[in-house]
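Student: Per the UniProt record's numbering, the sequence shown starts with residue 1, numbered consecutively.
Before I ask anything, let me first share the structure, which is written out below as structure tokens.
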Amino acid sequence: MDSKQTILVVGLGRFGVSVCEKLAELGQHVIAVDIDKQRVEEVADVVEYCAQLDVTDEDLLVKVGAREADIAVVAIGNNIEASILATAILKGLNIPKVIARAQTSIHGRVLSRVGAHKVVFPERDAGKNIAETLVNPWLSAFSAVPGGGVLVGEIEASAGMVGKSLMELEFRKTYNCIVLLFDRKGSRFLPRPDSVIQEGDKLLVAGTGEDIAQMMEKKDKEENGK
1 MDSKQTILVV GLGRFGVSVC EKLAELGQHV IAVDIDKQRV EEVADVVEYC
51 AQLDVTDEDL LVKVGAREAD IAVVAIGNNI EASILATAIL KGLNIPKVIA
101 RAQTSIHGRV LSRVGAHKVV FPERDAGKNI AETLVNPWLS AFSAVPGGGV
151 LVGEIEASAG MVGKSLMELE FRKTYNCIVL LFDRKGSRFL PRPDSVIQEG
201 DKLLVAGTGE DIAQMMEKKD KEENGK
């Protein structure tokens with residue numbers, strides 16, 4: 001899991017609250033804002049900071065710390081105009097990642113044009129799942145196997161893996177995950193214990209959600225020399 005991030009959630013309807021709850025559960029610093037006082041009060045005990053304000057007022061967004069946010073989630077529901085304006089404002093504040101909720105495909109295209117790095121559709125993407133991928137970006141590359149709690153997805157071989165075989169790495173013992181396939185320059189094949197990982201290889205791996213998370217954390221530490 002990444003280190004603690006500051007995430008601004010704009011709009012506290014059912015979707016926005018769902019995102020706030022999951023992000024708080026994952027230990028992130030959440031700033032939640034909405035124009036509706038009652039909605040703000042409902043998340044007061046969930047997030048570290050919340051405020052009632054006009055979400056299309058750039059000065060007010062700056063005052064609550066929007067410039068310092070690592071990620072902004074525009075979760076506004078029915079007010080499409082406010083959704084578009086808020087997205088454009090947050091993009092203009094140079095927030096590294098702006099994710100916006102869309103009601104329709106046309107709305108989504110407009111959000112992309114005004115600066116949203118990613119557009120989500122609540123009918124397809126649950127708020128909790130989106131929150132998970134904000135904290136663990138690698139999750140978007142994995143799919144759940146029905147009924148088993150197992151995830152399958154592709155990872156890039158880290159520098160520490162290159163030049164070593166699966167046997168040398170003791171991959172299953174080290175990461176508690178199994179390698180299903182090698183992808184080498186677009187060519188896929190079943191690996192053997194003595195298959196040596198080369199630079200640029202991608203590995204299709206499987207494991208429980210917890211084991212995959214631990215593997216990605218180890219991989220991140222290897223890549224960053226921690």
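The beta-carbon is built from N, C-alpha and C at its ideal position, and this holds for glycine as well.
What residue from 48, 188, 121, 115 has the CA that sits closest to residue 4's CA?
Tutor: As a position in the sequence shown, residue 4 is number 4, starting the count at 1. Per the Cα distances, 48.
Student: Taking 8 Å as the threshold (C-beta atoms), are residue 85 and residue 98 in contact?
Tutor: The sequence position of residue 98 within the sequence shown is 98, counting from 1. The sequence position of residue 85 within the sequence shown is 85, counting from 1. Cβ atoms of residue 98 and residue 85: not closer than 8 Å.
Student: Contact defined as beta carbons within less than 8 Å: I believe residue 23 pairs with residue 30. What is the distance between those atoms, to the nearest angstrom?
Tutor: Position 23 of the sequence shown, counted from the start, is the residue given in the question as residue 23. Position 30 of the sequence shown, counted from the start, is the residue given in the question as residue 30. So it is a contact: roughly 5 Å between Cβ atoms.
Student: For residue 196, would you say it is in contact with chain B, using Cβ-to-Cβ distances shorter than 8 Å as the test?
Tutor: Included in the structure is just one protein chain, with no chain B present.
Student: Once DSSP output is grouped into helix, strand and coil, what is the label at residue 9?
Tutor: Here residue 9 corresponds to residue number 9 of the sequence shown, with the count starting at 1. Of the three classes helix, strand and coil, the one that applies to residue 9 here is strand, per DSSP.
Student: Residue 209 and residue 151: beta carbons closer than 8 Å?
Tutor: One-based indexing of the sequence shown puts residue 209 at position 209. One-based indexing of the sequence shown puts residue 151 at position 151. Taking 8 Å as the Cβ cut-off, residue 209 and residue 151 qualify as a contacting pair.
Student: Given a threshold of 16 other Cβ atoms within 10 Å of its Cβ, counted over all protein chains shown, does residue 106 qualify as buried or as exposed?
Tutor: For the purposes of this step, residue 106 is taken as residue 106 along the sequence shown, with counting starting at 1. That one is exposed.
Student: Would DSSP call residue 99 helix, strand or coil?
Tutor: Residue numbering aside, residue 99 sits at position 99 when the sequence shown is read from its first letter. Strand.
Student: Starting from the Cα of residue 79, find the closest Cα among 169, 203, 11, 175 and give me that residue.
Tutor: Numbered from 1 along the sequence shown, position 79 holds the residue referred to as residue 79. If we check each option's Cα against that of residue 79, 11 comes out closest.
Student: Keeping to the same chain, check which residues put their C-beta closer than 8 Å to that of residue 258; ignore five residues upstream and five downstream.
Tutor: Given a span of 1 to 226 for the chain in the structure shown, any question on residue 258 remains unanswerable.
Student: What do you reckon, are the CB atoms on residue 200 and residue 178 nearer than 8 Å?
Tutor: The sequence position of residue 200 within the sequence shown is 200, counting from 1. The sequence position of residue 178 within the sequence shown is 178, counting from 1. The answer is no: Cβ separation not under 8 Å.
Student: Which residues in the same chain as residue 73 place their Cβ atom closer than 6 Å to its Cβ, once the five residues preceding and following it in sequence are excluded?
Tutor: Taking the sequence shown and counting its residues from 1, one reaches residue 73 at position 73. Correct list, in chain order: 9, 19, 99.
Student: Consult DSSP for residue 214 and reduce its assignment to one of helix, strand or coil.
Tutor: The count along the sequence shown starts at 1 and reaches residue 214 at position 214. Reduced to three states, the DSSP call for residue 214 is helix.
Student: Return the CA-CA distance between residue 2 and residue 38, expressed in angstroms with no decimal places.
Tutor: The count along the sequence shown starts at 1 and reaches residue 2 at position 2. The count along the sequence shown starts at 1 and reaches residue 38 at position 38. For residue 2, the predicted structure reports a pLDDT of 48, less than 50, and the residue's modelled location is therefore unreliable. A value from the coordinates is still provided. Distance between the alpha carbons of residue 2 and residue 38 is about 32 Å.
Student: Report, in whole angstroms, the separation of the C-beta atoms of residue 69 and residue 50, which I expect to be a contact under 8 Å.
Tutor: Residue mapping note: residue 69 aligns to position 69 of the sequence shown, counting from 1. Residue mapping note: residue 50 aligns to position 50 of the sequence shown, counting from 1. That pair is no contact at about 14 Å.
Student: Can you tell me whether residue 15 is buried or exposed? The criterion is at least 16 other CB atoms within 10 Å of its CB, across all chains shown.
Tutor: Residue numbering aside, residue 15 sits at position 15 when the sequence shown is read from its first letter. Answer is buried; the Cβ neighbour count reaches 16.
Student: Taking buried to mean at least 16 other C-beta atoms within 10 Å of its own C-beta, is residue 28 buried or exposed?
Tutor: For the purposes of this step, residue 28 is taken as residue 28 along the sequence shown, with counting starting at 1. Counting Cβ neighbours within 10 Å, residue 28 comes out buried, since at least 16 surround it.
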